[in-house]
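Residue numbers (the numbering used here): 776 to 959.
Right under this line is the structure:
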């Protein structure tokens, strides 16, 4: 996991220093932005090993609202896993969230057009798969699957007109997601 994080941050740093800084437009009606990230911190954990969380999300600006802001609608998909092994017994969890999300993007930072600060909510479906092997108890289950509601706060910084970095706090497949953002 540490190598993945180092590679991601290195790629972001290289893009930041090599790319020509462009005056990006603030997030507005008609803007579409996609995120691809790695998650840090998960509800899964304990004595075993967690697989790094990965997520992809997209937001599309639909409505200008009174004051400096835009409402977006979009989607989210994320995945992580966890494995615990002890004395011939193995338990594995696979966790996927698929959801629809809406957010308010504050675009009142006129002196910082490269910044997109937002917060919102997601209605999703959590798909949880559980499997054990060994120890005389081989079984599979999907307990914990169901509809879920979560909130998030995030920010994007565009290095160029269409490429940047993002960070998002909230409950998805991880507590904090960081990665690349693409505006198109």
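Just so you know, even glycine gets a beta-carbon here, dropped at the ideal spot from N, CA and C.
Under the DSSP definition of a beta bridge, which residues are partnered with residue 824? In the DSSP output, where bridge partners are listed per residue, residue 824 has 858.
Residue 898 (DSSP reduced to helix, strand or coil): Residue 898 falls in the strand class under three-state DSSP.
Specify, as a first and last residue, the run of the beta strand (DSSP E) that residue 954 falls within. Segment 951-958, the beta strand (DSSP E) holding residue 954.
Please determine if the stretch 856-868 and the stretch 876-887 are in contact, where contact requires at least 3 C-beta pairs separated by less than 8 Å. Between the stretch 856-868 and the stretch 876-887 there are fewer than three inter-stretch CB-CB distances shorter than 8 Å, so the stretches are not counted as touching.
Ignore the nearest five residues each way along the sequence and tell me which others in residue 833's own chain have a CB closer than 6 Å to its CB. Counting only Cβ-Cβ distances below 6 Å, and skipping sequence neighbours, we find 809, 849 and 850.
Can you look up residue 943 in the DSSP assignment and give me helix, strand or coil? In this structure, DSSP gives residue 943 an extended state, which the three-state scheme calls strand.
Spatial neighbours of residue 803 within its chain, please: CB distance less than 6 Å, with the 5 preceding and 5 following residues excluded, ordered by chain position. Counting only Cβ-Cβ distances below 6 Å, and skipping sequence neighbours, we find 836 and 845.
Just the Cα atoms here: how many angstroms apart are residue 815 and residue 922? Between the C-alpha atoms of residue 815 and residue 922 there is a straight-line separation of about 23 Å.
Cα separation between residue 888 and residue 940? Approximately 14 Å between the Cα atoms of the pair.
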